[in-house]
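Visitor: With the sequence shown counted from 1, adding 1 to any position gets you our numbering. Glycine included, C-beta positions come from ideal geometry on N, C-alpha and C. Supplied in structure tokens, the structure appears directly below.
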Amino acid sequence: MHDRRIASAFLLITISLAGCAWQKIPPPPPRVTVEPLPVAVGIEVSTSPVTNVYAPRVIEIWDQQKLFKKMIYPYREGDPVDGVIRVEIDGLWTGNASAGFLIGLTLGLASPFVGPSMDGNHRLQLTVEKKGDVLRSFSGTVATHVSWGLAANSSEVGRKTDDLLAARLAQLGVQLIHSRRHELVSSLQ
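Okay, here's the thing in structure tokens:
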């Protein structure tokens, strides 16, 4: 009799948690193929915590896409470059766990439909310098929304979310740079 109760409780918990592992994380944007800018640039990053998390991934994507003829990261004074681009990223994630708490109270019965979520609003600021003089500065923002079920692997959700944001910031940077392509090339050469 006692074993039946344990088995019934286990079955109920298993059924109620079955739909809790879902994740609604958009895929990263497709990488845009662009012609490299015919300049050599050094990349510096600000020291803010958000920049330290995302800038290395953004720069890695730019390097893979061959955004510039030559890119030196991290840039050190005296490196042979036409100019320096300073990267700064700020913003934050805000979470909504109340829906997840309510799901827990209902033993996960509504879990395929409602769960915790996060919204991110991040700004990418690029400052182009030549010999210490600021030539141009431009920025843009990226908004991101993700949600997941209670039994989802939180490490996996975090990794996918960080990868998504880095890819979106990198794409924004490509758009900002290429929308001013001729201006930047003429200023840096």
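Looking only at its chain, what residues have a beta carbon closer than 6 angstroms to the beta carbon of Ile62, apart from the 5 residues adjacent to it on each side?
Guide: Contacts found: Ala171.
Visitor: Any idea if Gly96 is buried or exposed, counting beta-carbon neighbours within 10 angstroms, 16 or more meaning buried?
Guide: Flag for Gly96 reads exposed.
Visitor: Using DSSP with H/G/I as helix, E/B as strand and the rest coil, what is Asp164?
Guide: Under the three-state reduction of DSSP output, Asp164 falls in the helix class.
Visitor: Starting from the Cα of Ser180, find the closest Cα among Phe139, Asp120, Ile90, Leu125 and give me that residue.
Guide: Phe139
Visitor: Taking the alpha-carbon positions, what's the Trp1 to Gly150 distance?
Guide: Since the first residue of the chain shown is 2 and the last is 190, residue 1 is not available in this structure.
Visitor: Sort out for me which residues DSSP pairs Gln126 with in a bridge.
Guide: BP columns for Gln126 point to Glu89, Ser140.
Visitor: For His146, tell me which candidate among Asp134, Thr128, Glu130, Arg169 has the shortest Cα-Cα distance.
Guide: Arg169
Visitor: Please state the DSSP three-state secondary structure of Ala152.
Guide: coil
Visitor: Assuming Val42 is part of the beta strand (DSSP E), what are its boundary residues?
Guide: 38–46
Visitor: Excluding the five sequence neighbours on either side, which residues of its own chain have a C-beta within less than 6 angstroms of the C-beta of Val33, listed in chain order?
Guide: Val175
Visitor: Could you name the residues that DSSP lists as bridge partners for Asp120?
Guide: Thr95, His146
Visitor: Exposed or buried, what is Leu185 when buried is set at 16 or more other beta-carbons lying within 10 Å of its beta-carbon?
Guide: buried
Visitor: Take Ile26 as the anchor and find which of Ile178, Ala153, Gly141, Arg182 has the nearest alpha-carbon.
Guide: Closest by alpha carbon: Ala153.
Visitor: Given a threshold of 16 other Cβ atoms within 10 Å of its Cβ, counted over all protein chains shown, does Ala144 qualify as buried or as exposed?
Guide: exposed
Visitor: Contact between the stretch 42–49 and the stretch 158–168 is defined here as three or more beta-carbon pairs at a separation below 8 angstroms; is this criterion met?
Guide: no
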